[in-house]
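Numbering of the sequence shown is given in my numbering, commencing with residue 1 and proceeding in unit increments. By construction, the Cβ of each residue, glycine as well, lies at the ideal position given by its N, Cα and C atoms. Everything numeric in this text was worked out from a predicted model, so none of it was measured.
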Amino acid sequence: MYEIKDLSEVEFSIIAICMWEAFSDYYVKMELSDEALYHRFKSENVRYDLSCGAFFEGELVAVLLNAVGEYNGEKIAFDAATGVVPAHRRKGLYSKMMDYCLELLKQYNFAYYGLEVIQTNKPAVATYRKMGLEIIKEYACFRGNAKESMKGTENFQELSITEFPLESLEPLRHDTPSFENRIEILQNFPDDYRIMYTGNEKECNAFIIYQKDSGQVKQWGRREGRISELGELMVNLSERYRDVRLHNINFTDQLWIKKMEELGFDHFCDQFEMKMDC
1 MYEIKDLSEV EFSIIAICMW EAFSDYYVKM ELSDEALYHR FKSENVRYDL SCGAFFEGEL
61 VAVLLNAVGE YNGEKIAFDA ATGVVPAHRR KGLYSKMMDY CLELLKQYNF AYYGLEVIQT
121 NKPAVATYRK MGLEIIKEYA CFRGNAKESM KGTENFQELS ITEFPLESLE PLRHDTPSFE
181 NRIEILQNFP DDYRIMYTGN EKECNAFIIY QKDSGQVKQW GRREGRISEL GELMVNLSER
241 YRDVRLHNIN FTDQLWIKKM EELGFDHFCD QFEMKMDC
(Lines of atoms letter the chains of each structure in order from A and count residues from 1; the text may use other names and numbers.)
(Lines give C-alpha, C1' and ligand atoms only; values in the text may rest on other atoms or scores of the structure.)
Protein backbone atom coordinates (compact mmCIF):
# COMPACT_ATOMS: atom_id res chain seq x y z
CA MET A 1 0.00 0.00 0.00
CA TYR A 2 1.41 3.37 -1.04
CA GLU A 3 1.09 6.56 0.97
CA ILE A 4 1.40 9.97 -0.72
CA LYS A 5 2.48 12.89 1.46
CA ASP A 6 4.46 16.10 1.28
CA LEU A 7 8.22 16.18 1.82
CA SER A 8 8.48 18.98 4.37
CA GLU A 9 9.62 16.61 7.13
CA VAL A 10 11.84 14.36 5.00
CA GLU A 11 15.63 14.70 5.23
CA PHE A 12 17.25 15.72 1.96
CA SER A 13 19.59 12.71 2.07
CA ILE A 14 16.52 10.45 1.81
CA ILE A 15 15.20 12.44 -1.15
CA ALA A 16 18.62 12.24 -2.84
CA ILE A 17 18.79 8.44 -2.43
CA CYS A 18 15.37 8.12 -4.04
CA MET A 19 16.43 10.41 -6.89
CA TRP A 20 19.60 8.42 -7.55
CA GLU A 21 17.67 5.16 -7.70
CA ALA A 22 14.91 6.65 -9.83
CA PHE A 23 17.34 8.01 -12.42
CA SER A 24 19.69 5.01 -12.41
CA ASP A 25 18.40 3.67 -15.75
CA TYR A 26 17.40 6.95 -17.43
CA TYR A 27 18.81 7.96 -20.80
CA VAL A 28 19.99 11.21 -19.21
CA LYS A 29 21.89 10.24 -16.08
CA MET A 30 21.81 12.29 -12.89
CA GLU A 31 25.45 13.24 -12.47
CA LEU A 32 25.29 15.67 -9.54
CA SER A 33 26.60 15.00 -6.05
CA ASP A 34 24.14 15.25 -3.15
CA GLU A 35 25.58 18.66 -2.28
CA ALA A 36 25.29 19.93 -5.86
CA LEU A 37 21.77 18.53 -6.11
CA TYR A 38 20.77 20.27 -2.88
CA HIS A 39 22.20 23.56 -4.14
CA ARG A 40 20.45 23.19 -7.49
CA PHE A 41 17.06 22.68 -5.86
CA LYS A 42 17.70 25.55 -3.45
CA SER A 43 18.61 27.90 -6.29
CA GLU A 44 15.49 26.88 -8.23
CA ASN A 45 13.38 27.53 -5.10
CA VAL A 46 12.02 24.02 -4.66
CA ARG A 47 9.31 24.05 -1.99
CA TYR A 48 9.29 20.72 -0.16
CA ASP A 49 5.97 21.57 1.48
CA LEU A 50 4.48 21.85 -2.03
CA SER A 51 6.26 18.72 -3.25
CA CYS A 52 5.37 15.14 -2.49
CA GLY A 53 6.58 11.58 -2.44
CA ALA A 54 5.21 8.06 -2.52
CA PHE A 55 6.12 5.85 0.44
CA PHE A 56 5.98 2.04 0.41
CA GLU A 57 6.29 0.40 3.83
CA GLY A 58 7.90 3.61 5.09
CA GLU A 59 10.45 3.85 2.26
CA LEU A 60 10.45 6.79 -0.17
CA VAL A 61 10.12 5.27 -3.65
CA ALA A 62 8.96 8.22 -5.79
CA VAL A 63 9.23 12.01 -5.68
CA LEU A 64 7.69 15.00 -7.41
CA LEU A 65 9.60 18.18 -6.55
CA ASN A 66 7.98 21.52 -7.29
CA ALA A 67 9.78 24.84 -7.64
CA VAL A 68 7.94 28.15 -7.47
CA GLY A 69 8.86 31.59 -8.69
CA GLU A 70 8.12 34.66 -10.77
CA TYR A 71 8.37 33.96 -14.49
CA ASN A 72 7.42 36.39 -17.26
CA GLY A 73 5.56 38.46 -14.70
CA GLU A 74 3.50 35.55 -13.37
CA LYS A 75 3.68 33.45 -10.22
CA ILE A 76 4.04 29.84 -11.35
CA ALA A 77 4.87 26.36 -10.08
CA PHE A 78 7.20 24.11 -12.05
CA ASP A 79 8.16 20.45 -11.87
CA ALA A 80 11.86 20.63 -10.92
CA ALA A 81 12.32 16.85 -10.84
CA THR A 82 10.17 13.73 -10.92
CA GLY A 83 11.35 10.18 -10.43
CA VAL A 84 10.03 6.75 -9.56
CA VAL A 85 12.29 3.91 -8.41
CA PRO A 86 12.26 1.23 -11.17
CA ALA A 87 10.66 -1.51 -9.03
CA HIS A 88 7.68 0.74 -8.32
CA ARG A 89 6.89 1.97 -11.82
CA ARG A 90 3.61 1.29 -13.64
CA LYS A 91 1.73 1.59 -10.36
CA GLY A 92 0.10 4.91 -11.20
CA LEU A 93 2.31 6.75 -8.71
CA TYR A 94 2.97 9.79 -10.88
CA SER A 95 -0.74 10.44 -11.38
CA LYS A 96 -1.36 10.04 -7.65
CA MET A 97 1.48 12.42 -6.77
CA MET A 98 0.34 14.94 -9.37
CA ASP A 99 -3.23 14.89 -8.05
CA TYR A 100 -1.89 15.39 -4.51
CA CYS A 101 0.35 18.30 -5.52
CA LEU A 102 -2.30 20.04 -7.58
CA GLU A 103 -4.56 20.12 -4.54
CA LEU A 104 -1.73 21.75 -2.58
CA LEU A 105 -0.96 24.26 -5.33
CA LYS A 106 -4.57 25.37 -5.74
CA GLN A 107 -4.29 27.09 -2.35
CA TYR A 108 -1.64 29.51 -3.67
CA ASN A 109 -3.20 30.98 -6.84
CA PHE A 110 -0.42 30.06 -9.25
CA ALA A 111 -1.02 31.17 -12.84
CA TYR A 112 -0.08 27.77 -14.20
CA TYR A 113 1.90 24.58 -13.66
CA GLY A 114 4.78 23.78 -16.00
CA LEU A 115 7.36 21.10 -16.66
CA GLU A 116 9.98 19.92 -19.13
CA VAL A 117 10.14 16.41 -20.54
CA ILE A 118 12.59 14.69 -22.90
CA GLN A 119 10.86 14.30 -26.24
CA THR A 120 11.83 10.64 -26.68
CA ASN A 121 10.12 9.77 -23.37
CA LYS A 122 6.86 9.16 -25.20
CA PRO A 123 5.04 7.42 -22.29
CA ALA A 124 5.66 10.46 -20.06
CA VAL A 125 4.57 12.87 -22.79
CA ALA A 126 1.37 10.85 -23.27
CA THR A 127 0.71 10.86 -19.51
CA TYR A 128 1.20 14.62 -19.28
CA ARG A 129 -1.13 15.20 -22.23
CA LYS A 130 -3.77 13.00 -20.61
CA MET A 131 -3.53 15.12 -17.46
CA GLY A 132 -4.19 18.28 -19.45
CA LEU A 133 -0.71 19.67 -20.11
CA GLU A 134 -0.02 21.20 -23.53
CA ILE A 135 3.27 21.60 -25.39
CA ILE A 136 4.24 25.27 -25.64
CA LYS A 137 7.94 25.16 -26.61
CA GLU A 138 10.65 22.83 -27.87
CA TYR A 139 14.22 23.05 -26.60
CA ALA A 140 17.61 21.67 -27.64
CA CYS A 141 20.12 20.66 -24.93
CA PHE A 142 23.90 20.42 -25.26
CA ARG A 143 26.79 19.12 -23.18
CA GLY A 144 30.47 18.24 -23.52
CA ASN A 145 33.19 20.33 -25.10
CA ALA A 146 34.08 22.06 -28.32
CA LYS A 147 36.30 20.31 -30.86
CA GLU A 148 40.01 21.00 -30.36
CA SER A 149 40.16 22.60 -33.81
CA MET A 150 37.72 25.33 -32.76
CA LYS A 151 39.18 28.70 -31.81
CA GLY A 152 38.10 30.95 -28.99
CA THR A 153 38.76 34.66 -28.68
CA GLU A 154 41.09 36.82 -26.63
CA ASN A 155 38.94 39.86 -27.36
CA PHE A 156 36.50 39.43 -24.48
CA GLN A 157 35.86 40.68 -20.96
CA GLU A 158 34.62 38.93 -17.85
CA LEU A 159 32.93 40.12 -14.67
CA SER A 160 30.86 38.96 -11.75
CA ILE A 161 27.20 39.48 -12.67
CA THR A 162 26.99 41.90 -9.72
CA GLU A 163 29.28 44.24 -11.67
CA PHE A 164 27.36 44.14 -14.94
CA PRO A 165 24.06 45.88 -15.88
CA LEU A 166 22.06 42.73 -16.69
CA GLU A 167 19.05 44.73 -17.87
CA SER A 168 21.12 45.90 -20.85
CA LEU A 169 21.21 42.32 -22.19
CA GLU A 170 17.51 42.13 -23.05
CA PRO A 171 17.91 43.17 -26.73
CA LEU A 172 20.44 40.35 -27.24
CA ARG A 173 18.10 37.53 -26.23
CA HIS A 174 16.43 35.45 -28.92
CA ASP A 175 13.96 34.06 -26.37
CA THR A 176 13.01 34.47 -22.73
CA PRO A 177 15.27 32.17 -20.64
CA SER A 178 13.54 28.96 -19.59
CA PHE A 179 12.29 28.57 -16.03
CA GLU A 180 15.46 26.76 -14.88
CA ASN A 181 17.56 29.59 -16.40
CA ARG A 182 15.38 32.50 -15.24
CA ILE A 183 16.80 35.78 -14.02
CA GLU A 184 15.42 35.21 -10.50
CA ILE A 185 17.99 32.45 -9.94
CA LEU A 186 20.84 34.78 -10.88
CA GLN A 187 19.48 37.50 -8.62
CA ASN A 188 19.10 35.16 -5.65
CA PHE A 189 22.59 33.64 -5.98
CA PRO A 190 24.67 36.33 -7.74
CA ASP A 191 27.99 35.16 -6.32
CA ASP A 192 27.59 31.84 -8.15
CA TYR A 193 27.65 33.35 -11.64
CA ARG A 194 29.94 35.25 -14.00
CA ILE A 195 29.40 36.89 -17.36
CA MET A 196 31.80 36.58 -20.31
CA TYR A 197 31.14 39.02 -23.13
CA THR A 198 32.45 40.76 -26.23
CA GLY A 199 32.09 44.47 -26.81
CA ASN A 200 31.67 46.57 -23.68
CA GLU A 201 29.19 46.96 -20.85
CA LYS A 202 27.23 49.65 -22.69
CA GLU A 203 27.34 47.95 -26.09
CA CYS A 204 27.64 44.21 -25.52
CA ASN A 205 27.79 42.15 -28.75
CA ALA A 206 27.56 38.61 -27.36
CA PHE A 207 27.49 37.11 -23.87
CA ILE A 208 27.24 33.97 -21.81
CA ILE A 209 26.39 33.81 -18.10
CA TYR A 210 27.73 30.66 -16.47
CA GLN A 211 27.93 28.99 -13.07
CA LYS A 212 31.44 29.25 -11.65
CA ASP A 213 31.56 25.81 -10.04
CA SER A 214 30.28 23.75 -12.96
CA GLY A 215 30.60 25.84 -16.10
CA GLN A 216 26.89 25.37 -16.84
CA VAL A 217 25.62 28.15 -19.07
CA LYS A 218 22.44 29.72 -17.69
CA GLN A 219 21.88 32.55 -20.16
CA TRP A 220 23.27 33.66 -23.51
CA GLY A 221 22.61 36.10 -26.33
CA ARG A 222 24.03 38.03 -29.26
CA ARG A 223 23.30 40.90 -31.57
CA GLU A 224 22.36 40.31 -35.20
CA GLY A 225 25.37 39.00 -37.11
CA ARG A 226 27.37 38.14 -33.96
CA ILE A 227 26.79 34.39 -33.83
CA SER A 228 30.52 33.71 -34.37
CA GLU A 229 31.44 35.79 -31.31
CA LEU A 230 28.95 33.86 -29.19
CA GLY A 231 30.47 30.62 -30.44
CA GLU A 232 33.97 31.82 -29.58
CA LEU A 233 32.87 32.54 -26.02
CA MET A 234 31.59 28.96 -25.75
CA VAL A 235 34.99 27.70 -26.93
CA ASN A 236 36.67 29.84 -24.27
CA LEU A 237 34.43 28.29 -21.62
CA SER A 238 35.00 24.80 -22.99
CA GLU A 239 38.73 25.21 -22.44
CA ARG A 240 38.14 25.72 -18.70
CA TYR A 241 35.68 22.93 -17.85
CA ARG A 242 35.57 19.20 -18.54
CA ASP A 243 31.86 19.12 -19.35
CA VAL A 244 30.02 22.31 -20.30
CA ARG A 245 26.20 22.23 -20.21
CA LEU A 246 23.86 24.53 -22.08
CA HIS A 247 20.20 23.56 -21.79
CA ASN A 248 17.07 24.85 -23.49
CA ILE A 249 17.84 26.63 -26.74
CA ASN A 250 14.45 27.36 -28.27
CA PHE A 251 13.91 25.43 -31.52
CA THR A 252 13.09 28.77 -33.16
CA ASP A 253 16.79 29.71 -32.87
CA GLN A 254 18.09 27.17 -35.37
CA LEU A 255 21.12 29.35 -36.16
CA TRP A 256 22.44 28.93 -32.59
CA ILE A 257 21.59 25.23 -32.48
CA LYS A 258 23.53 24.63 -35.71
CA LYS A 259 26.47 26.69 -34.40
CA MET A 260 26.65 24.60 -31.21
CA GLU A 261 26.65 21.42 -33.32
CA GLU A 262 29.32 22.88 -35.59
CA LEU A 263 31.50 23.68 -32.57
CA GLY A 264 31.35 20.02 -31.55
CA PHE A 265 29.13 20.10 -28.47
CA ASP A 266 26.96 17.02 -27.96
CA HIS A 267 23.31 17.69 -28.87
CA PHE A 268 22.26 14.99 -26.42
CA CYS A 269 18.52 15.56 -26.12
CA ASP A 270 15.53 17.70 -26.99
CA GLN A 271 12.78 18.68 -24.58
CA PHE A 272 9.19 19.82 -24.63
CA GLU A 273 8.05 22.55 -22.26
CA MET A 274 4.46 21.84 -21.22
CA LYS A 275 1.96 23.74 -19.10
CA MET A 276 -1.57 23.70 -17.76
CA ASP A 277 -3.65 26.08 -15.69
CA CYS A 278 -3.64 25.34 -11.98
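Sub-9 Å separation of residue i and residue j beta-carbons
| i | j | result |
| --- | --- | --- |
| Tyr2 | Phe56 | yes |
| Glu207 | Tyr197 | It is Phe, not Glu, that sits at residue 207 in the sequence shown. In this structure, Tyr197 lies closer than 9 Å to Phe207 by Cβ. |
| Ala77 | Tyr113 | yes |
| His247 | Phe142 | yes |
| Thr153 | Glu232 | yes |
| Gln271 | Tyr128 | no |
| Phe179 | Ala111 | no |
| Glu9 | Val85 | no |
| Ile135 | Glu273 | yes |
| Ser33 | Phe189 | no |
| Val217 | Val244 | yes |
| Gly73 | Asp266 | no |
| Leu60 | Tyr48 | no |
| Arg222 | Asn250 | no |
| Gln219 | Ile183 | yes |
Where residue i sits in the DSSP three-state scheme
| i | result |
| --- | --- |
| Cys141 | strand |
| Gly221 | strand |
| Asp213 | coil |
| Asp340 | It is not possible to answer for residue 340, since the shown part of the chain is limited to 1 through 278. |
| Thr162 | helix |
| Glu239 | coil |
| Gly73 | coil |
| Gly231 | helix |
| Asp266 | strand |
| Arg175 | Checking the sequence, you will find Asp at residue 175 rather than Arg. Correct three-state label for Asp175: coil. |
| Ala36 | helix |
| Leu64 | strand |
| Glu184 | helix |
| Asp79 | strand |
| Glu59 | strand |
| Phe110 | coil |
| Met318 | Any property of residue 318 remains undetermined from this structure, which presents the chain solely from 1 to 278. |
| Lys151 | coil |
| Glu44 | coil |
| Glu9 | coil |
Residue span of the beta strand (DSSP E) that contains residue i, given as start and end
| i | result |
| --- | --- |
| Leu246 | 246 to 250 |
| Asp49 | No beta strand (DSSP E) holds Asp49; DSSP gives it neither H nor E. |
| Tyr2 | 2 to 6 |
Strand pairing of residue i, partner residues [DSSP]
| i | result |
| --- | --- |
| Leu115 | Met274 |
| Gly199 | Cys204 |
| Glu134 | Lys275 |
| Gln157 | Tyr197 |
Host alpha helix (DSSP H) of residue i (start-end)
| i | result |
| --- | --- |
| Gln254 | 254 to 263 |
| Ala22 | 12 to 22 |
| Thr127 | 122 to 130 |
| His88 | Looking at the DSSP string, His88 is not in any alpha helix (DSSP H), and its letter there is neither H nor E. |
- Given 8 Å, three or more beta-carbon pairs between the segment 93 to 109 and the segment 251 to 269: no
- May I ask you to verify whether the segment 48 to 63 touches the segment 101 to 111, counting CB pairs closer than 8 Å and requiring at least 3? yes
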